[in-house]
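Using the numbering used here, the first residue of the sequence shown is number 268, and each one after it goes up by one. Ideal Cβ positions, reconstructed from N, Cα and C, are used throughout, including at glycine. Read the structure below first, then the notes.
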Amino acid sequence: MTTTVLTKASAATPGSGSRFANEVRHFLTLHPRQLPSHFLYDDLGSALFEAICRLPWYSLTRAELRLLQAQAREILSPGVTTVLELGSGSGAKLSALIESAGSGRGRLDLHIVDVSGSALAQAEQELGRLENVRVVTHRTTYEAGLEEFGLARPAAGRRLALFLGSNIGNFDPPGRDVFLRSVRSALGQGDDLLLGVDLLKPRRDLLVAYDDPLGVTAAFNLNLLARINRELQGNFDLGAFTHRALWNEERSRIEMHLRSSQRQRILIRGADLDFVMAEGETIWTESSYKYEPPEIVSMLERSGFGIHAQWIDAVDGFALTLAGAV
Ligand code: AVI
Numbered sequence: 268m269t270t271t272v273l274t275k276a277s278a279a280t281p282g283s284g285s286r287f288a289n290e291v292r293h294f295l296t297l298h299p300r301q302l303p304s305h306f307l308y309d310d311l312g313s314a315l316f317e318a319i320c321r322l323p324w325y326s327l328t329r330a331e332l333r334l335l336q337a338q339a340r341e342i343l344s345p346g347v348t349t350v351l352e353l354g355s356g357s358g359a360k361l362s363a364l365i366e367s368a369g370s371g372r373g374r375l376d377l378h379i380v381d382v383s384g385s386a387l388a389q390a391e392q393e394l395g396r397l398e399n400v401r402v403v404t405h406r407t408t409y410e411a412g413l414e415e416f417g418l419a420r421p422a423a424g425r426r427l428a429l430f431l432g433s434n435i436g437n438f439d440p441p442g443r444d445v446f447l448r449s450v451r452s453a454l455g456q457g458d459d460l461l462l463g464v465d466l467l468k469p470r471r472d473l474l475v476a477y478d479d480p481l482g483v484t485a486a487f488n489l490n491l492l493a494r495i496n497r498e499l500q501g502n503f504d505l506g507a508f509t510h511r512a513l514w515n516e517e518r519s520r521i522e523m524h525l526r527s528s529q530r531q532r533i534l535i536r537g538a539d540l541d542f543v544m545a546e547g548e549t550i551w552t553e554s555s556y557k558y559e560p561p562e563i564v565s566m567l568e569r570s571g572f573g574i575h576a577q578w579i580d581a582v583d584g585f586a587l588t589l590a591g592a593v
């Protein structure tokens, strides 16, 4: 196994005058105040997200893993030589997919994209245990990872892109369609995309998945303020904010917010920001859209894909859809 590490000065890696500082300034001055959810994933945020995936109330990771293991041979069909995973996290799903597909395949080139260096290091170690694979890590955003991958065309064989864990649910609908079209552009005709999406389910199940009794999701959300304090010299008092998860029925999305429990002045030196938050005012940090299976089919078809198969876990309400670039 050989490993090449492609590390781009990540757009999501903060520094002075960084994208982090600029986006924090821009989004915190909007009304309602917001922060982009991809900033939740610093090293601690990524570790907290891995912990969320093990919580009994957040079942989507386990449902997806069951489907991946059951359908592995069809997903990783013999002609595939290159796999791209956008947002690989710890690499556990890709590794389970390859192991479940069994022997008899040729060498696989694995391209894994994540903004978290610690998650990538873990994934590289996990995938490096497998036989007959080469791992290429891309520490960067999905968009830049797609560009790098688009340039690396294999001499032979088909490519399979994985976008799992319902990461697509964190895009708003216009951004989702733009993103799916950019995935399509990075692939050639006949290559495949496997999309993992959490389905619409009863409100109480959704709320407990995003506001768990152990407070892990609350810590994941509050860590964004801790990150701003640390990296941009902010003064957020974490004790004066509470985690809120809301179900927005009309938009079919769970929203995560941070609610200010008192009137307070916020200073963020590294982002050149000074503002006052009223008691009860919130910062909107994430949306997680939930879909019905036919909506997943339509979004893929609109973006230049034809559906090969859709597998549904009816117990926990999760869909894996395998689509081919047409
Ligand atoms: C990464 N993403 C798909 C997760 C989700 O379910 O929206 C992030 C998350 N937020 C709270 N819990 C998990």
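Item                                                                                                                                                                         : Value
For residue 479, which residues of its own chain have a beta-carbon under 6 angstroms away from its beta-carbon, when the five flanking residues on both sides are left out? : 322, 324
Could you check if residue 319 belongs to the surroundings of ligand 1, using beta carbon to heavy atom distance under 7 angstroms?                                          : yes
Quick check: residue 585 and residue 331, are their CB atoms within less than 8 angstroms of each other?                                                                     : yes
If you check the beta carbons only, do residue 502 and residue 525 fall under 8 angstroms apart?                                                                             : no
Quick check on the DSSP output: the beta strand (DSSP E) that includes residue 527 runs from which residue to which?                                                         : 520 to 527
Give me the residue from 310, 292, 542 with the minimum Cα distance to residue 302.                                                                                          : 292
Can you give the beta carbon distance from residue 449 to residue 413, rounded, assuming they're within the 8 angstroms contact cut?                                         : 6 angstroms
Check whether the Cβ of residue 436 sits closer than 7 angstroms to any heavy atom of ligand 1, and report yes or no.                                                        : yes
Run through DSSP, which three-state label would residue 286 get?                                                                                                             : helix
Kindly give me the distance between the Cβ atoms of residue 426 and residue 381, rounded to whole angstroms, as I take these residues to be in contact under 8 angstroms.    : That pair is no contact at about 19 angstroms.
Roughly how many whole angstroms lie between the Cα atoms of residue 288 and residue 367?                                                                                    : 43 angstroms
Could you pull the start and end residues of the beta strand (DSSP E) that residue 531 belongs to?                                                                           : 531 to 535
For the structure I just gave you, are there three or more beta carbon pairs, one from the stretch 421 to 441 and one from the stretch 461 to 473, closer than 8 angstroms?  : yes
Alpha carbon to alpha carbon, how far is residue 403 from residue 387?                                                                                                       : 10 angstroms
For residue 436, is the classification buried or exposed, using 16 other Cβ atoms within 10 angstroms of its Cβ as the cut-off for buried?                                   : buried
Specify, as a first and last residue, the run of the alpha helix (DSSP H) that residue 448 falls within.                                                                     : 440 to 453
Indicate, with yes or no, if ligand 1 has a heavy atom lying under 7 angstroms from the CB of residue 553.                                                                   : yes
Indicate whether residue 557 and residue 466 have their beta-carbon atoms separated by less than 8 angstroms.                                                                : yes
Let's see if you can read the secondary structure: which residues bound the alpha helix (DSSP H) around residue 336?                                                         : 327 to 342
Tell me the DSSP secondary structure of residue 312 in three-state form.                                                                                                     : helix
Which residue comes first and which comes last in the beta strand (DSSP E) that contains residue 352?                                                                        : 347 to 353
So is the beta-carbon of residue 523 under 7 angstroms away from any non-hydrogen atom of ligand 1?                                                                          : yes
Relative to ligand 1, is the shortest distance from any of its heavy atoms to the C-beta of residue 433 smaller than 7 angstroms?                                            : yes
Can you give me the Cβ contacts of residue 505 inside the same chain, cut-off strictly under 7 angstroms, excluding the 5 residues immediately before and after it?          : 489, 492, 493
Give the straight-line distance between the Cα atoms of residue 364 and residue 390, rounded to the nearest whole angstrom.                                                  : 14 angstroms
Which stretch, first to last residue, makes up the alpha helix (DSSP H) that contains residue 562?                                                                           : 560 to 569
Per the DSSP calculation, residue 515 is bridged to which residue(s)?                                                                                                        : 520
Just list the alpha helix (DSSP H) runs in the stretch 448 to 497, keeping only unbroken ones of 4 residues or longer that don't cross its boundaries, in chain order.       : 470 to 477
At a cut of 8 angstroms, does the stretch 517 to 531 reach the stretch 546 to 557 through at least three beta carbon pairs?                                                  : yes
Just checking my contact of residue 334 with residue 587 at CB under 8 angstroms: how many whole Å lie between their CB atoms?                                               : 5 angstroms
Excluding sequence positions up to five away, which residues of its chain have a Cβ less than 6 angstroms from the Cβ of residue 583?                                        : 326, 330
Run through DSSP, which three-state label would residue 582 get?                                                                                                             : coil
Looking at ligand 1, does it come within less than 7 angstroms of residue 558, judged from the CB to the closest heavy atom?                                                 : no
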